[in-house]
Structure formats: structure tokens, C-alpha cells
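**Student:** Just passing along the structure, written as C-alpha cells.
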Amino acid sequence: MIEEDYKNGWRQHFPTYNFHDRDIALEEYKVAAKNLESEERVFLNASNVTLVASAALGSLLVGSSNQLISVFNDIIPPYIISLILLSIIIGFSFISLKYFADRQRAIVFAGRKVIILRRMLGLSYGQVQLLLPNWRVEGADQPLALKLFPGWLTYAAYPFWIISIISSSVVLFLCAYFVKQNPDVMPHELYLSSILSMGLAWFVASMLIFRVSLLDTHETSRLIFYKQLSRIIGLPLTQNIEYIIYRAKLACYETDRIKVTTRNIKKFLVFIEDKDFYSHSGISYKSLARIILGLMKIKPKSGGSTIVQQLTRTLFIQDLSKTKRRKLIELALAPWITSIFPKETILEIYISSVRFERGCFGVVEAMEYFWKEPVKNATNAQAFFLIERVSNIRSRLLVNKIIETARSARDQGIMDRSDLKSLINLYTEAVQNKKIIATEADLLKLVKGINA
216 MIEEDYKNGW
226 RQHFPTYNFH
236 DRDIALEEYK
246 VAAKNLESEE
256 RVFLNASNVT
266 LVASAALGSL
276 LVGSSNQLIS
286 VFNDIIPPYI
296 ISLILLSIII
306 GFSFISLKYF
316 ADRQRAIVFA
326 GRKVIILRRM
336 LGLSYGQVQL
346 LLPNWRVEGA
356 DQPLALKLFP
366 GWLTYAAYPF
376 WIISIISSSV
386 VLFLCAYFVK
396 QNPDVMPHEL
406 YLSSILSMGL
416 AWFVASMLIF
426 RVSLLDTHET
436 SRLIFYKQLS
446 RIIGLPLTQN
456 IEYIIYRAKL
466 ACYETDRIKV
476 TTRNIKKFLV
486 FIEDKDFYSH
496 SGISYKSLAR
506 IILGLMKIKP
516 KSGGSTIVQQ
526 LTRTLFIQDL
536 SKTKRRKLIE
546 LALAPWITSI
556 FPKETILEIY
566 ISSVRFERGC
576 FGVVEAMEYF
586 WKEPVKNATN
596 AQAFFLIERV
606 SNIRSRLLVN
616 KIIETARSAR
626 DQGIMDRSDL
636 KSLINLYTEA
646 VQNKKIIATE
656 ADLLKLVKGI
666 NA
């Protein structure tokens, strides 16, 4: 998983954290703080008004049912009256829930702006999180600590509970009234269960309306479901997914800022790790079939994780020891990743974020680890070398794998003789510098195998 801001040696460029006139930033901070206060006041006042309005509308609809039916008798059938009243309460509730979701978004965005400006001014609350919790605007050090949907039992959800409870009660009454007016609609023994089901259905629908209205930038209904699934199976994902994605994108910007070209690295990443990358939606069913056959001992065991699955593992899964459960979550999240990012962006995030070697996250760190400095435009040999080292946390020389892959690259015209010679030199140098663990016999076998 990507390390936090305090990771030793982590370097990132924050272009928005640079300004020429501090007074301008200070004035902007004051305006943002006032806007936040104003949005919170509007939210509170609207909550109070909605409580009164919902109760009044509910009482009006329930109390006026008989009068309306008597007024429109012989003009409009009673069941039509019930359906109209039902539509009114559902429409009112829908609009109210959307309104409060928009108000919550405004509050969170205003709070995030305050935090960004506070950081621009050099103010960080750092280690005093016991007094100022980092999930509140008063103590947060990074803006994405403020979530659009903080939870069902927080202030943001209070309007939802007011609206949904009152509207569900009205829906229950109107459904009961409708059934009473139309006794032939269903058997008598199903009255109670049907009425309760309608009330429950609207309550669940209102939950979905409110929650979906507060999805964050990369959040989807599918992701929410998989987060719940991961908790159920005992493999929770990282808490703040939006922040992790932000960090991953920032790593891409850093790679681009220091002008490291990743064209060759992308080519070898696809060739070595996932040849079908551009044709699947995050899951390779061929590889999945090989894994299943390996578990059934019909064929030798093999890896088979796609580039997208590997990225999911790096960014969002904290416990890598639970292999089977981890694979399940990887397979679940891979299509979500491909739905929110283009394929080229996935490759860029992968190259700038995944672990290349023990303690090296991202291609820039890997280059510095092996060659002391970033390489602006990696050669074929360097690109092959870097991608082959992905996730090799034991720093071993995988001789047979390297020989097989290098020969395949040569046969397909991706590498020529000079590239292979440079590749041998890179491995020899890394072993001599004790960056890779190998014996002389391993190196000799590697040289003979590649040159064969």
C-alpha cells in the first residue's frame, strides 16, 4: 500500500502549495471559513424547517384522505386519490433528500478548501489528533479526510432519518388505506405483510437515493458493496480510498514532473505482466482458468493476476497474507478500476505506485535504488529489468523466469542482441552491488540462457 505523507524519502510536488503573496491566501482562507460557516448554518436551518414541514405534510395527507375521497366521489376512483397522495409524499421526500445531499456536498467541499488553504499557509495540526480528530475540519491535515458521507449516525444523515421515518409512516398509512378501499386486490391474509413491505421498500429506496447522491469522485455503488463484502470476509480495504487514489495520481504527476518517460516501461509492463491488458476489463479469464486448474492439481500452479488486480492489491488491500480472500477482492475490484480509469492511466498509476523491490514504491524510487538517479528515457533493457523486479520483495534472481521472458521478447522482436547484452550487464551490476541476491552459478546460467 502507498505510504503516508511522513514516509521517509517520499518526495512529491504540490504546485498549489506555492504562492507569491501570503496575504492573498490568508484573505481567501477567511472567505472560505465564512462560506463553511454559512453552509453549516443553512444546513441546520433547513433541517429544522424540514422536520416541521415533513410532519405537517404527513399529517395533512393522512388527515385529508377521507375528505378528498368524499369531495371527488364519482369523479376520481378512491384508489387514484391514494396513489396521488402517495406520489406527493414520495416526490417531496425525493426532492428533500437530494437537497440535503447537495447541502452536505457544499459543506464538505467548503471544508476541504479550508484545509487546503490552511496547509498552504503552513498550518498543520500534526500529532495533536487526540485533541483535534483528523476526520473533522478542525484537525484534518488533508482535505480528503472529510468524507461526503461520514456515516448513517452522523449529523449529515439526520435529515435523512427525519424525512425517511415520516415519509415511510405516511406510505404505510396510505398503503393500508388503499388496501382497505380495494379489498379485492389481494387475499386478506397478505394485507399486513404487503403493507409493511411497501413501507420498508420506500425506506430502503430513500436510503439508496441519499447514499448515491453522496458518492465521491471515484466512488460507485459497486465499490460500496465490495467494501461491505470485504468487511464480512475479514479482509477490510483501506479506509480512505479517495485519498489513496489522490496519492497514486500525485505519484504520476511527480514522475511526469521530473520528466521520466514511461513509454518503454509501459510496453514491457504489458508484455511481461499482462499481454491481454488492452482486451479485458480487469480480469483475464484465461489466467483465472489456469489458477483453478492449478488448485485442482491438473496443471502446475501459476500466478495469473492482471495488471489491474496487481494495482488493486497495492493500493487498497492491507493484509496480503489471506491469499484466497485477497484474490476474491482483487477480482471484485478490478472491473471497478477499469470503469473509472482509462487503460493508459491505469498503466501510469501502476508504474508510479506499485512495489518494484523491497521498500521501493514507484518507478522513480526503483531507478534510484538500482542506478542512483532517475533515468529520463529507459532503454529496452532497463525497462525489462525494472518490470521483472516488480513485487520481488526477496530480491532474488529468478533465473529461469528471466531467461524464458527474455527469449520470448527476442523472438517477438521486442528486444535485439544488443538489448539482451545490456540486460545481462544490468543484472550483473545489480548482483555485484548486492541489490539482487544471486550466486556466481546463477549469473553464469543467466548469461548462457539468454545468449543461447
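Just add 215 to the spot in the sequence shown (first one is 1) and you have the numbering used here.
Where is the CB? At the ideal position from N, CA and C, for every residue including glycine.
Predicted model only: the values in this text are computed from it and were never measured.
Mark D489 as exposed unless 16 or more other C-beta atoms lie within 10 angstroms of its C-beta, in which case mark it buried.
**Tutor:** buried
**Student:** Under 8 Å by Cβ, that's how I've got I651 and S606 pegged, so tell me the actual separation to the nearest angstrom.
**Tutor:** Not quite, the Cβ-Cβ distance comes to about 14 Å (not below 8 Å), so this is no contact.
**Student:** Hey, Q524 and A547 are a contact pair by Cβ (cut 8 Å); roughly how many whole angstroms apart?
**Tutor:** With a Cβ gap of about 10 Å, Q524 and A547 do not count as contacting.
**Student:** Please classify D220: does DSSP put it in a helix, a strand, or coil?
**Tutor:** Confidence at D220 is low in this model, with a pLDDT of 46, below 50, so its placement is unreliable and no value can be given for it.
**Student:** The beta strand (DSSP E) spanning F571 covers which residue range?
**Tutor:** 570-572
**Student:** Let me know the secondary structure DSSP gives T476 once reduced to three states.
**Tutor:** strand
**Student:** Report buried or exposed for T470, applying the criterion of at least 16 other Cβ atoms within 10 angstroms of its Cβ.
**Tutor:** buried
**Student:** For a cutoff of 8 Å on Cβ pairs, would you count S311 as touching chain C?
**Tutor:** Chain labels in this structure do not include chain C; a single protein chain is all it has.
**Student:** Please state the DSSP three-state secondary structure of R609.
**Tutor:** coil
**Student:** Within the same chain, show all residues whose beta-carbon is closer than 6 Å to that of D657, passing over the 5 residues directly before and after it, in chain order.
**Tutor:** L612, V614
**Student:** Work out the CA separation of R604 and F556 for me, nearest whole Å.
**Tutor:** 25 Å
**Student:** Under 8 Å, do A248 and V329 count as touching if we go by C-beta distance?
**Tutor:** yes
**Student:** Closer than 6 Å by C-beta to D220: which residues in its own chain qualify, once you throw out the five before and the five after it? Chain order, please.
**Tutor:** Residue placement at D220 is flagged as unreliable, the pLDDT there being 46, under the threshold of 50; a coordinate-derived value is accordingly withheld.
**Student:** Whose C-beta lies closer than 7 Å to the C-beta of M216 among residues of the same chain, with five residues either side of it excluded?
**Tutor:** Below a pLDDT of 50, predicted positions are generally treated as unreliable, and M216, at 40, falls in that range; the measurement from the model is reported next regardless. Correct list, in chain order: T453, T529, L530, Q533.
**Student:** List the endpoints of the continuous alpha helix (DSSP H) containing R622.
**Tutor:** 614-626
**Student:** Considering only residues of the same chain and omitting the five flanking positions on each side of N223, which have a CB-CB separation below 8 Å?
**Tutor:** Any reading at N223 is ruled out, since the residue's pLDDT is 41, under 50, leaving its predicted position unreliable.
**Student:** Just the C-alpha distance for L347 and L359, rounded to the nearest angstrom, thanks.
**Tutor:** 16 Å
**Student:** Would you be able to state if there are at least three C-beta pairs under 8 Å between the region 350-367 and the region 452-466?
**Tutor:** yes
**Student:** Closest by CA to L415, which one among V394, L387, Q396, L272?
**Tutor:** L387
**Student:** Straight-line CA distance for L641 to R462?
**Tutor:** 31 Å
**Student:** Check each candidate in P292, A240, E254, K313 and name the one with the smallest Cα separation from L336.
**Tutor:** It is A240.
**Student:** If I follow the unbroken alpha helix (DSSP H) through K636, where does it start and stop?
**Tutor:** Note, K636: alpha helix (DSSP H), 632-647.
**Student:** Is it true that the CB of V569 sits closer than 8 Å to the CB of K535?
**Tutor:** In the sequence on display, residue 535 carries Leu and not Lys. Against a cut-off of 8 Å, the Cβ pair of V569 and L535 comes out as no contact.
**Student:** Say whether the region 583-592 touches the region 621-630, bearing in mind that this needs 3 or more beta-carbon pairs closer than 8 Å, one atom from each stretch.
**Tutor:** no
**Student:** Can you tell me which of G366, T643, K649 puts its alpha carbon nearest to the alpha carbon of L659?
**Tutor:** T643
**Student:** Measure the C-alpha to C-alpha separation of I566 and L543 and round it to an integer number of angstroms.
**Tutor:** In this structure, the alpha-carbon of I566 lies about 23 Å from that of L543.
**Student:** Take R226 and list the residues in its own chain whose beta-carbon comes closer than 6 Å to its own, dropping the five residues that flank it on each side.
**Tutor:** Per-residue confidence for R226 stands at a pLDDT of 42, beneath the threshold of 50, marking its modelled position as unreliable; no derived number is given.
**Student:** In whole angstroms, give me the CA-to-CA distance for R426 and K245.
**Tutor:** 31 Å
**Student:** Skipping 5 residues on each side, what residues in its chain have a beta carbon closer than 6 Å to that of S496?
**Tutor:** P550, T553
**Student:** Quick check on DSSP: helix, strand or coil for N592?
**Tutor:** DSSP places N592 in strand when its eight states are reduced to three.
**Student:** How would you call E218, buried or exposed, if buried means at least 16 neighbouring beta carbons within 10 angstroms?
**Tutor:** Reliability of the predicted coordinates at E218 is poor, the pLDDT of 44 falling under 50, and the value obtained from them is presented with this limitation in mind. It counts as exposed.
**Student:** So, under 8 Å CB-CB, F374 and T265 are touching, yes? Tell me the CB distance rounded to an integer number of Å.
**Tutor:** Reading off the sequence, residue 374 comes out as Pro, not Phe. About 6 Å separates the two Cβ atoms, so the contact holds.
**Student:** Is the CB-CB distance between S269 and I378 below 8 Å?
**Tutor:** yes
**Student:** With burial defined as no fewer than 16 other Cβ atoms inside 10 Å of the residue's Cβ, what is the status of R478: buried or exposed?
**Tutor:** With fewer than 16 other Cβ atoms within 10 Å, it is exposed.
**Student:** Thinking I522 and F483 are a contact (beta carbons under 8 Å), I'd like their distance in whole angstroms, please.
**Tutor:** 12 Å between Cβ atoms; not a contact.
**Student:** Only counting the same chain, and skipping five residues up and downstream in sequence, which positions put a Cβ closer than 8 Å to that of V590?
**Tutor:** V475, M582, Q597
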